[in-house]
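Our numbering applies: residue 68 is where the sequence shown begins, and numbers increase by one. First the structure, in the form of structure tokens, and then the observations on it.
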Amino acid sequence: HTLTSGSHAGAHGIGCVKTGCCQYGLQIASLCAGDNVCCFTSDTCGGTSSGGSGVAASRSDVDVRITELNGLKTCFVNWGNAHCIEPALLAAVASRETQGGALLDSRGYGDNGNGYGIMQCDIHTSGLDCTRCSPRSCCHLEMMSAFLIEKIKLVQSRHTSWSKDQQLQGGVAAYNYFPSGTSFSAVDSHTTGHDYSNDVIARAQWLKNHYHYY
């Protein structure tokens, strides 16, 4: 699907599925035929974790480390499909956080020792037993994917006026830094690089369309 209006006109979504299988999907009914669909569609307007900018940089980051991500592709796909969240979105978080694990040290830590595992469990603020799972394991991604869903639910409850797609993107932003204020336009105002959720969604687009994460 191609957007025909708005700031991302000409950009492509990552596809549509029935809402019953996409509870936490990015729901943009106006882009699809009928109401019972959900899609991802976004762009990267700021930078990425590697310092580039734009959707091309997000895709490049995925391409460079796709081998690392593919090592856990089955885990992303199985858990995502079982819990009605796009597997591509989960893998995109791992891509943004640690380049699929490439940025971890020998003990499984990143962010100067403050985050653990490929999806970066914050050892100080998450409230989770971050090290109970090995850093590159299905156990870790299941724990952190559940954590992401809780963030999405929290944004849904606090920002009831936001559309479904905005709530999901807000949940992705909240995984990094909870959005302040009530305006969706500021969703990435405090996230790393001021582009976290847009970058993750752009990576998810590429992972689903190009690498078949579904």
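The beta-carbon is built from N, C-alpha and C at its ideal position, and this holds for glycine as well.
Work out the CA separation of residue j and residue i for me, nearest whole Å.
i	j	result
S173	P202	10 Å
Y263	N145	25 Å
G184	H257	23 Å
H191	R126	31 Å
A159	L195	21 Å
Q236	G175	27 Å
C88	N148	Model confidence at C88 stands at a pLDDT of 42, short of 50, so the residue's coordinates are unreliable; what they give is reported in the following sentence. Cα-Cα distance, rounded: 7 Å.
G182	M211	12 Å
Which residues share a DSSP beta bridge with residue i?
i	result
C188	Y183
G177	G182
Only counting the same chain, and skipping five residues up and downstream in sequence, which positions put a Cβ closer than 7 Å to that of residue i?
i	result
L221	A241
K218	G238, A241 and Y242
Y278	I133
S162	D128, V129, R132, L136 and R270
Q233	F251
Y280	K140, F143, V144, P154, A155, A158 and L274
Excluding five sequence neighbours on each side, which residues of the same chain lie with their C-beta closer than 6 Å to the C-beta of residue i?
i	result
A100	Note that A100 scores 41 on pLDDT, short of 50, meaning its location in the model is unreliable; the coordinates nonetheless yield the value given after this. The answer is none, since no qualifying residue turns up.
C142	C205 and L208
G168	E135, I185 and R203
S116	The pLDDT assigned to S116 is 49, lower than 50, so where the model puts this residue is not dependable, and the model offers no usable value.
Put residue i into one of helix, strand or coil per three-state DSSP.
i	result
I219	helix
I268	helix
A161	helix
S117	Only weak support exists for where S117 lies, its pLDDT of 49 falling under 50; the value from the coordinates is given anyway. It is coil, neither helix nor strand.
L274	helix
W146	helix
P154	helix
Kindly list the residues whose CB is nearer than 8 Å to the CB of residue i, restricted to its own chain and excluding five residues on each side of it in sequence; keep chain order.
i	result
S193	F214
Between which two residues does the alpha helix (DSSP H) harbouring residue i extend?
i	result
T134	I133 to N137
G238	K231 to N243
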